[in-house]
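Read through the structure below, which is laid out as structure tokens, and then see the notes.
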Amino acid sequence: MSAPLLALLDGSIVDVTQPIVRADDLGVVRGDGVFDATLARRGADGVPEVRDREAHLDRLERSAQILQLPVPDRAGFERAMDALVAAWDFDAAPEAIIRLVLTRGPEGGGDPTAFALMAPLGASAIAERDRGVSVTLLGRGHDGDEVAAMPWLLPGAKSLSYSINMAAKRHAAQHGFDDVVFVSPAGLLLEGPTSTLVVDRGGRLLTPRQDGILASITLDHLMRDAPAAGLDVAFAALEPEDLTSADGAWLLSSGRLLARVTSVDGRPLPTSPLDAALRRVLGV
């Protein structure tokens, strides 16, 4: 297993054990910053690639804009990713996650902190692609359209403030589930802590409307390539019954890519007849 690699925006690789963030960095003390994450692996031609690279850089820029952070140094993050991919041992770890991080910087003022970190994709994420995930439905305090109308809640931003998302995942694990799907106060399905939901309803693929939901690059990938594979994907207002009575369902994310939902709150869910087609479209 490869050790994590750390790159600065000048393209230099630095020792991951050496501090590069000040103790008073607002990304550390307040979670005031943004990040994005994507999968790196060898392509069909054997050449290492960063999946949906430009789309992740675009989303990092959108997140920074929402938090009123300085515009990310796109060329610098490109250099950092290039350096990481060139230095990575893909024989030891064929799949890895690259995280792009930008914080507001020191509390007293100063330059923002920016770096890229590459680490092996977790074994559990790889296993869940094959065996699927059991999920539980958990309430979220705001409806999607309400969040979209409240910019101070940072709708659409991938911020470093991920404590609630991680708490939801821990809650699920403590109760014997692999993952979570959030439900709004109005009773509509939203998203997972780190994933997007897609359900099969009679051969039609449906996903929750993205009001107040982080835009999913993996979903964009699916919607872009689905028509050529004969698949129909659309946004819809989905209720828990739409999931529990579905012909199948999946959680999509940039690292795990695709994991079928095997059960919802202990209630088994069938494997969709479209599962193999989705896997081909997403390159699983």
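Following our numbering, the numbering of the sequence shown begins with 4 at its first residue and continues without gaps.
For glycine and all other residues, C-beta sits at the position ideal for the given N, C-alpha and C.
Local Cβ density within 10 Å of residue i, reported as buried at 16 or more and exposed below that
i      : result
Arg263 : buried
Glu194 : buried
Thr197 : buried
Pro123 : buried
Phe238 : exposed
Met310 : A question about residue 310 goes unanswered here, because the residues of the chain that appear run from 4 up to 287.
Ser10  : The identity of residue 10 in the sequence shown is Ala, whereas the question assumes Ser. Its Cβ being crowded by 16 or more others within 10 Å, Ala10 is buried.
Pro211 : buried
Ala126 : exposed
Ser15  : exposed
Ser248 : exposed
Val284 : buried
His224 : buried
Ala43  : buried
Pro109 : buried
Arg54  : buried
His59  : buried
Ala83  : buried
Arg270 : exposed
Thr215 : Looking at the sequence itself, residue 215 is Gly, so the reference to Thr does not match. Label assigned to Gly215: buried.
Asp18  : exposed
Arg143 : buried
Rounded distance between the beta-carbons of residue j and residue i, thought under 8 Å
i      : j      : result
Gly258 : Pro273 : Not a contact, Cβ separation roughly 25 Å.
Ala175 : Val183 : 5 Å
Leu70  : Ala218 : Wrong, their Cβ atoms sit about 15 Å apart, outside the cutoff.
Leu208 : Leu277 : 7 Å
Leu234 : Leu200 : Actually they do not touch by this definition, with Cβ atoms about 16 Å apart.
Leu192 : Asp268 : Not a contact, Cβ separation roughly 13 Å.
Pro75  : Leu63  : 5 Å
Ser137 : Ser266 : 5 Å
Asp35  : Arg107 : 5 Å
Val236 : Leu261 : With a Cβ gap of about 13 Å, Val236 and Leu261 do not count as contacting.
Gly190 : Glu242 : 6 Å
Gly79  : Leu12  : 3 Å
Thr221 : His178 : Going by Cβ atoms, the distance from Thr221 to His178 rounds to 26 Å, so no, they are not a contact pair.
Boundaries of the alpha helix (DSSP H) in which residue i is found, first to last residue
i      : result
Arg263 : Per DSSP, Arg263 belongs to no alpha helix (DSSP H); it is in the beta strand (DSSP E), 260-267.
Leu285 : 278-285
Pro243 : 243-247
Ile220 : 220-228
Unbroken beta strand (DSSP E) run spanning residue i, endpoints
i      : result
Ala252 : 251-256
Leu9   : 8-10
Ala239 : 236-239
Problem - Uninterrupted beta strand (DSSP E) stretches inside the segment 33-57 (no shorter than 3 residues) - result: 36-45, 51-53
Practice task
For the segment 91-163, list the alpha helix (DSSP H) runs that are entirely contained and at least 4 residues long, ordered along the chain.
Solution key: 126-134, 147-151
Exercise for the section: Flag this pair as touching only if the segment 31-49 and the segment 95-110 have three or more C-beta atom pairs under 8 Å; answer yes or no. Expected result: yes
Practice task
Entirely within the segment 162-208 and at least 4 residues each: give me those alpha helix (DSSP H) ranges in chain order.
Solution key: 166-177
Exercise for the section: State whether the segment 19-31 contacts the segment 84-101, with contact taken as three or more CB pairs (one from each stretch) at a distance under 8 Å. Expected result: no
Handout entry: Cβ contact check for the segment 112-120 and the segment 160-168: 3 or more pairs under 8 Å
Key = no
Practice task
Evaluate the contact criterion for the segment 223-233 versus the segment 60-76: three or more CB pairs, one atom per stretch, below 8 Å.
Solution key: no
Exercise for the section: Kindly confirm or deny that the segment 127-147 and the segment 42-60 touch, where touching means at least three C-beta pairs closer than 8 Å. Expected result: no
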